[in-house]
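K.L.:
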Amino acid sequence: FSTPSLDPFCPVLGGKPAAMPAVRREKTGRQNRSNPMSGGMIKANGDASGSGTPRGPANPLGLGGMSLPTNKKHGQHLLKNPGIIDKIVQASDIKPSDTVFEIGPGTGNLTMRLLEQAKRVVAHEIDPRMAAEVKKRAANAGRHNLEVQETDVLRGKWPIFDVCTANLPYQISSPFTFRLLAHRPMFRCAVLMFQKEFAERLIAKVGDKQYGRLAVNCALFVKVTGVCKVSRGSFTPPPEVDSMVVKMVPRDPPIEVDFREWDGLMRVCFGRKNKTLRSSFLTKDVMRTLEENYKTWCALTGAPQSKTPMKDLTLEALNALNLAETRAIKIDLDTFFRLLFEFNKRGIHFSNISPGAKVGDQPELDPTLFLDEGGEDDGDMED
Numbered sequence: 044f045s046t047p048s049l050d051p052f053c054p055v056l057g058g059k060p061a062a063m064p065a066v067r068r069e070k071t072g073r074q075n076r077s078n079p080m081s082g083g084m085i086k087a088n089g090d091a092s093g094s095g096t097p098r099g100p101a102n103p104l105g106l107g108g109m110s111l112p113t114n115k116k117h118g119q120h121l122l123k124n125p126g127i128i129d130k131i132v133q134a135s136d137i138k139p140s141d142t143v144f145e146i147g148p149g150t151g152n153l154t155m156r157l158l159e160q161a162k163r164v165v166a167h168e169i170d171p172r173m174a175a176e177v178k179k180r181a182a183n184a185g186r187h188n189l190e191v192q193e194t195d196v197l198r199g200k201w202p203i204f205d206v207c208t209a210n211l212p213y214q215i216s217s218p219f220t221f222r223l224l225a226h227r228p229m230f231r232c233a234v235l236m237f238q239k240e241f242a243e244r245l246i247a248k249v250g251d252k253q254y255g256r257l258a259v260n261c262a263l264f265v266k267v268t269g270v271c272k273v274s275r276g277s278f279t280p281p282p283e284v285d286s287m288v289v290k291m292v293p294r295d296p297p298i299e300v301d302f303r304e305w306d307g308l309m310r311v312c313f314g315r316k317n318k319t320l321r322s323s324f325l326t327k328d329v330m331r332t333l334e335e336n337y338k339t340w341c342a343l344t345g346a347p348q349s350k351t352p353m354k355d356l357t358l359e360a361l362n363a364l365n366l367a368e369t370r371a372i373k374i375d376l377d378t379f380f381r382l383l384f385e386f387n388k389r390g391i392h393f394s395n396i397s398p399g400a401k402v403g404d405q406p407e408l409d410p411t412l413f414l415d416e417g418g419e420d421d422g423d424m425e426d
């Protein structure tokens, strides 16, 4: 993503919005690239071999499913720490009238707690063995407010829900986040477990090393806060990476912005986030694309073309906010909005100029919006 004008799948810098591509499975972080989803057999005493990515709550007391083998194809690692489950339930703030959407119930430790508090729990479980186990466990406990659908959460039909809880395979963190934030009607909150590296990028603040497109773009839709860190030993079998639980609360009212314009600006600014904006914008590719967009805008609106070179118009917009020598990692959400306004009022656009999707109105989002940003320039501060 370091060359914003070359991404064929995104409505960025002059490209027209494309149909949503097939979901791409993302890398799970430098620590876990060599073996992202290996698993093992859960033994009677709770020990296990193998490592991979956490998935689905387990039963630390051995009440259900502890003899089931984990499936490395699905990246299954079962949560066994009751203290973490308590924190997830508390952060979810479930009301008696709520429908809870749970992804990856596993053998049902978290599910059983959700059933106690919610009117209805709808769970998506891709593994038929786990689905049968959690249904059996709920029935044995006299809980009849559980609906389990054996489906891939990225492809299945989602219910209308108030609260979402997810302990999903980390290789689908980005596409899942994309679909969650595009879901309508909007939920009240979501409490999700992610790989620690991905979660840190979600909750990063201005000036943090992890601050980038992921944090800024998610901030358009939700306020994200950290709930707790989760050690590897909280899972059976333990994964190779640590985890973190985060909470997302939708913005009310939602921020309204031409999404395609916004995403185009973000890709330029964060393509190399430790470079100054002057350096990021004055590349040949960016200048050429902005020039083409400007000519198109003038032709469609009947506005006369300025005799000022595009380089000077660009610097004029940056200097209006004293941002030419500022790096994207130091700029907050409000300032980015002001910068987009400065560009647009000079006729400078970052996508085709047809009306863009509004954040609050069933947005047509690009799934690459929420991809992990490991490929961004996190290196030196030189220009």
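Residue 44 is where the sequence shown starts when you use the numbering used here, and the numbers rise one by one after that. The beta carbon of each residue, even a glycine, is placed where N, CA and C say it ideally should be.
1) Could you give the uninterrupted runs of the alpha helix (DSSP H) lying entirely in the region 166–212, keeping only those of 4 residues or more?
2) Are the beta-carbon atoms belonging to residue 233 and residue 313 less than 8 Å from one another?
3) Name the DSSP bridge partner or partners of residue 233?
4) Give the straight-line distance between the Cα atoms of residue 338 and residue 305, rounded to the nearest whole angstrom.
5) The alpha helix (DSSP H) spanning residue 427 covers which residue range?
6) Excluding the 5 residues flanking residue 294 on each side, which residues of the same chain have their C-beta closer than 7 Å to its C-beta?
7) Would residue 157 and residue 208 qualify as a contact pair, given that the criterion is a beta-carbon distance under 8 Å?
8) Determine the contact status of residue 249 and residue 377, defining contact as a CB-CB distance below 8 Å.
9) Excluding the 5 residues flanking residue 186 on each side, which residues of the same chain have their C-beta closer than 6 Å to its C-beta?
10) May I ask you to report which of helix, strand or coil DSSP gives residue 274?
11) Less than 8 Å between the CB atoms is what I'm expecting for residue 393 and residue 300, so what's the real figure, rounded?
12) Can you give me the C-alpha to C-alpha distance between residue 245 and residue 261, rounded to a whole angstrom?
13) Inspect the CB distances between the region 327–338 and the region 273–280 and report whether three or more fall short of 8 Å.
14) Between which two residues does the beta strand (DSSP E) carrying residue 146 extend?
15) Report the CB separation of residue 193 from residue 181 in whole angstroms; it is logged as a contact under 8 Å.
16) Just reading off the alpha helix (DSSP H) that residue 152 is part of, what are its end residues?
17) Per DSSP, residue 33 is paired with what?
18) Buried or exposed: residue 140, going by 16 or more other Cβ atoms within 10 Å of its Cβ?
19) Is residue 286 helix, strand or coil by DSSP?
20) Going along the chain, which residues of its own chain have a beta-carbon closer than 7 Å to the beta-carbon of residue 363, five neighbours each way excluded?
21) What span of residues does the alpha helix (DSSP H) with residue 374 cover, start to end?
22) What does the Cβ neighbour count give for residue 343, buried or exposed, with the cut at 16 atoms within 10 Å?
23) Rank 161, 211, 357, 164 by C-alpha distance to the C-alpha of residue 149 and give the top, closest one.
24) For the alpha helix (DSSP H) that residue 338 lies in, which residues bound it at each end?
25) Alpha carbon to alpha carbon, how far is residue 136 from residue 124?
26) How about residue 154 and residue 132: are their beta carbons less than 8 Å apart?
P.N.:
So, from the listed chains and residues:
1) 171–183
2) Position 190 of the sequence shown, counted from the start, is the residue given in the question as residue 233. Position 270 of the sequence shown, counted from the start, is the residue given in the question as residue 313. For residue 233 and residue 313, no; Cβs fall outside 8 Å.
3) The count along the sequence shown starts at 1 and reaches residue 233 at position 190. For residue 233, which the question treats as bridged, DSSP gives the partners 207, 291.
4) To locate residue 338, count along the sequence shown from 1; it is residue 295. To locate residue 305, count along the sequence shown from 1; it is residue 262. Straight-line Cα distance between these residues: approximately 20 Å.
5) The question about residue 427 has no answer, for the chain in this structure spans 44 to 426.
6) Counting from 1 along the sequence shown, the entry for residue 294 is found at position 251. Excluding residues within five positions, the ones whose Cβ falls inside 7 Å are 264, 265, 266.
7) The sequence position of residue 157 within the sequence shown is 114, counting from 1. The sequence position of residue 208 within the sequence shown is 165, counting from 1. Yes, Cβ-Cβ distance for residue 157 and residue 208 is below 8 Å.
8) Position 206 of the sequence shown, counted from the first residue, corresponds to residue 249. Position 334 of the sequence shown, counted from the first residue, corresponds to residue 377. For residue 249 and residue 377, no; Cβs fall outside 8 Å.
9) Mapped onto the sequence shown, residue 186 falls at position 143. Answer for residue 186: 158, listed in chain order.
10) By 1-based counting over the sequence shown, the position of residue 274 is 231. Looking at residue 274 - three-state DSSP - the assignment turns out to be coil, as it is neither helix nor strand.
11) Residue 393 sits at position 350 when you count from the first residue of the sequence shown. Residue 300 sits at position 257 when you count from the first residue of the sequence shown. Their Cβ separation, rounded to whole angstroms, is 12 Å, which puts residue 393 and residue 300 out of contact at 8 Å.
12) The residue you call residue 245 lines up with position 202 of the sequence shown. The residue you call residue 261 lines up with position 218 of the sequence shown. Straight-line Cα distance between these residues: approximately 7 Å.
13) No: fewer than three Cβ pairs fall under 8 Å.
14) As a first step, residue 146 must be located in the sequence shown, where it is residue number 103. From DSSP, the beta strand (DSSP E) with residue 146 extends over 142–146.
15) If you number the sequence shown from 1, residue 193 lands on position 150. If you number the sequence shown from 1, residue 181 lands on position 138. Not confirmed; about 15 Å, so no contact.
16) Walking along the sequence shown from the start, residue 152 turns up at place 109. Segment 152–160, the alpha helix (DSSP H) holding residue 152.
17) The question about residue 33 has no answer here: the residues shown for the chain are numbered 44 through 426.
18) Here residue 140 corresponds to residue number 97 of the sequence shown, with the count starting at 1. Classification of residue 140: exposed, given that the 10 Å Cβ count is below 16.
19) As a first step, residue 286 is located in the sequence shown; it is residue number 243 there, counting from the start. Residue state, collapsed to three classes: strand.
20) Position 320 of the sequence shown, counted from the first residue, corresponds to residue 363. Contacts found: 385.
21) Residue mapping note: residue 374 aligns to position 331 of the sequence shown, counting from 1. Where residue 374 is concerned, there is no enclosing alpha helix (DSSP H), given that its DSSP letter is neither H nor E.
22) In the sequence shown, the residue the question calls residue 343 occupies position 300. With fewer than 16 other Cβ atoms within 10 Å, it is exposed.
23) One-based indexing of the sequence shown puts residue 149 at position 106. Among 161, 211, 357, 164, the Cα nearest to that of residue 149 is on 211.
24) Reading the sequence shown from its first residue, position 295 is the one you call residue 338. First-last of the alpha helix (DSSP H) with residue 338: 327–344.
25) Walking along the sequence shown from the start, residue 136 turns up at place 93. Walking along the sequence shown from the start, residue 124 turns up at place 81. About 20 Å.
26) Translated into positions along the sequence shown, residue 154 becomes position 111. Translated into positions along the sequence shown, residue 132 becomes position 89. No, Cβ-Cβ distance for residue 154 and residue 132 is not below 8 Å.
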